DNA sequence: TAGGGTGTTCGCCGTTCAGCGAACATCGCA
DNA sequence: TGCGATGTTCGCTGAACGGCGAACACCCTA
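Chains as they are written, first to last, in UniProt numbering: chain A, 1 to 114; chain B, 1 to 114.
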């Protein structure tokens, strides 16, 4: 039998990150996720990088890894990013087209950050 | 002599509401203003009404007038509305085109409120 | 199998925010 | 001149949020 339903073949043995169903993310959750400057920095960095290029610890933000981990959870729950385990690292991808389809214009606004 | 420089002729003797310079409103302020459900209800109601039609007390929201007054101050500081005194009442106008020019798509997103 | 690297979780702290009642200010009108 | 209506301001409270260190879990490699 397969290990557990939550794990894809070859995936990490860590708990697989739960990714939000974009259609069920409230607008309020999306707005609050993007209202924080640390989280916007993360999103902007991801937008300027290739998918799965960035591990969680590779972002230049002035917080400890504990706080950083919490920010990633919030971004995940808002449907803004997808995570994949690669060895001890957790790689990230900005869910740009999905988020754009759900909240048109919002991500671009956060990226411009006027 | 004129009453005070802050008062236009015929305006209220109350402190004139200070309106934000849209160009200087940070994105974060706008996002946080629209993240609250009570404030989104106010904005949506204003969008479906004529300019200067609605007084502050005329909104169907489940909060006391003290709380309501604070919500209006936050919306004003975010550049979302303009207020004008008319007798004892304070009338409101949604600054739709100005806000749209500053944060394209954001207001429409808040109005649709999916 | 021991250890370094990576990320999460837990408990705690201080700040911020939405809510309230009470008091105050202003306006129009009786 | 007084009074009702309308908003604002002032404390206060409880909840939520961002921050931290410590402890834990997992992966890879020596």
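Yeah, the Cβ is synthetic: ideal placement off N, Cα and C, and Gly gets one too.
What you are looking at is a predicted structure, and each value in this text was computed from that prediction instead of being measured.
Expressed to the nearest angstrom, what Euclidean distance is found between the alpha-carbon atoms of residue i and residue j?
i	j	result
residue 108/A	residue 93/B	27 Å
residue 95/A	residue 20/A	11 Å
residue 18/A	residue 33/B	29 Å
residue 56/A	residue 54/B	48 Å
residue 99/A	residue 89/A	24 Å
residue 52/A	residue 68/B	45 Å
residue 101/A	residue 15/B	44 Å
residue 30/A	residue 83/B	29 Å
residue 72/A	residue 58/A	12 Å
residue 40/B	residue 46/B	10 Å
residue 66/B	residue 74/B	13 Å
residue 4/A	residue 91/A	With a pLDDT of 33 at residue 4/A, under the threshold of 50, the modelled position of that residue is not reliable, and no figure is offered here.
residue 103/B	residue 77/B	15 Å
residue 22/B	residue 97/B	11 Å
residue 49/A	residue 81/B	38 Å
residue 113/B	residue 113/A	22 Å
residue 10/A	residue 70/A	For residue 10/A, the predicted structure reports a pLDDT of 32, less than 50, and the residue's modelled location is therefore unreliable. A value from the coordinates is still provided. Approximately 26 Å, taken between the alpha carbons.
Could you give the C-beta distance for residue i and residue j, rounded to a whole number, given that I count them as a contact under 8 Å?
i	j	result
residue 111/B	residue 43/B	7 Å
residue 28/A	residue 35/B	5 Å
residue 106/B	residue 79/A	Contact flag wrong, Cβ pair sits at about 17 Å.
residue 25/A	residue 63/A	Their Cβ separation, rounded to whole angstroms, is 24 Å, which puts residue 25/A and residue 63/A out of contact at 8 Å.
* To do: Please go through the UniProt domain "HTH arsR-type" (30-108) of chain B and give each complete beta strand (DSSP E) segment of 3 or more residues, from N-terminal end onward.
  => Counting whole runs of 3 or more residues, the UniProt domain "HTH arsR-type" (30-108) of chain B contains the beta strand (DSSP E) stretches 81-86 and 89-94.
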